[in-house]
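Quick note: the sequence shown, position 117, residue 117 per UniProt numbering, numbers continuous. Inspection log for the structure reproduced underneath, given as structure tokens.
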Amino acid sequence: MKGSAAVELAEATRAPSAGINRGISILDLILRIVALVCTLGSAIAMGTTNETLPFFTQFIRFRAEYNDLPTFTFFVAANAVVSGYLLLSLPISIFHIMRSGAQNSRILLIILDTSMLALLTAGASASAAIVYLAHNGNAKANWLSICQQFNSFCERISGSLIGSFGAVTVFILLILLSGMALSRR
Numbered sequence: 001m002k003g004s005a006a007v008e009l010a011e012a013t014r015a016p017s018a019g020i021n022r023g024i025s026i027l028d029l030i031l032r033i034v035a036l037v038c039t040l041g042s043a044i045a046m047g048t049t050n051e052t053l054p055f056f057t058q059f060i061r062f063r064a065e066y067n068d069l070p071t072f073t074f075f076v077a078a079n080a081v082v083s084g085y086l087l088l089s090l091p092i093s094i095f096h097i098m099r100s101g102a103q104n105s106r107i108l109l110i111i112l113d114t115s116m117l118a119l120l121t122a123g124a125s126a127s128a129a130i131v132y133l134a135h136n137g138n139a140k141a142n143w144l145s146i147c148q149q150f151n152s153f154c155e156r157i158s159g160s161l162i163g164s165f166g167a168v169t170v171f172i173l174l175i176l177l178s179g180m181a182l183s184r185r
């Protein structure tokens, strides 16, 4: 009789933990989808950004494209890689909903999420520096701001940065959630 009571008590204490881990796994899936939308949107917005301004005649034109600057090319590549990773990590996240006690795959996701966070932060931060120069210029280096002329270009690259930094925030939350789920075991 004492043995069955101990088993019931052990199952009763595990049940809420499994429910909380399932809730964390569902939130993990939702956040991965949000991060996927942010990174994919940022890559598409930056990758399709260009603007042409006519000069004195219709034959001479000034053109600004994202691939004129290697930093923006890196930004697009980083966001595309992270988007691909997030797409591939969705099945693992769904697996965690079904088996909330899985540990090894959570540890793998924490390691990969941290790597993707570093890549995404590097791309977004480097691009943020260029966007700052595009908006404000640098008088000491004689770099003029181009955003007064290329309004649409600057609006799109700034919006793309917002999406990417939103994904950085979501990745931080994902890493914290995975850590919480592992610590509850």
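Backbone N, C-alpha and C define an ideal beta-carbon position, used for all residues, glycine too.
Spatial neighbours of residue 170 within its chain, please: C-beta separation below 6 Å, excluding the five flanking residues on both sides. Indexing the sequence shown from 1 puts residue 170 at position 170. Excluding positions up to five away in sequence, the list reads 31, 34, 35.
Excluding the five sequence neighbours on either side, which residues of its own chain have a C-beta within less than 8 Å of the C-beta of residue 1, listed in chain order? Along the sequence shown, read from residue 1 onward, the residue named residue 1 stands at position 1. With a pLDDT of only 49 at residue 1, under 50, the local geometry of the prediction cannot be trusted, and the value read off the model is given with reservation. Correct list: empty, nothing qualifies.
Buried or exposed: residue 95, going by 16 or more other Cβ atoms within 10 Å of its Cβ? For the purposes of this step, residue 95 is identified with residue 95 of the sequence shown, where counting begins at 1. That one is exposed.
Beta-carbon contacts of residue 46 that lie in its chain and below 7 Å, excluding the five residues immediately before and after: In the sequence shown, the residue the question calls residue 46 occupies position 46. Same-chain partners within the cutoff: 66, 72, 75, 76, 157, 160.
How is the alpha helix (DSSP H) around residue 104 delimited, first residue to last? Looking up residue 104 in the sequence shown gives position 104. Start and end: 104–136.
Mark residue 19 as exposed unless 16 or more other C-beta atoms lie within 10 angstroms of its C-beta, in which case mark it buried. The residue labelled residue 19 in the question sits at position 19 within the sequence shown. Its Cβ having fewer than 16 others within 10 Å, residue 19 is exposed.
Where residue 141 falls: helix, strand or coil (DSSP): Position 141 of the sequence shown, counted from the first residue, corresponds to residue 141. The answer is coil: DSSP assigns residue 141 none of H, G, I, E or B.
Going straight from the alpha carbon of residue 87 to that of residue 181, what length do you get? Indexing the sequence shown from 1 puts residue 87 at position 87. Indexing the sequence shown from 1 puts residue 181 at position 181. If you take the alpha carbons of residue 87 and residue 181, they lie about 21 Å apart.
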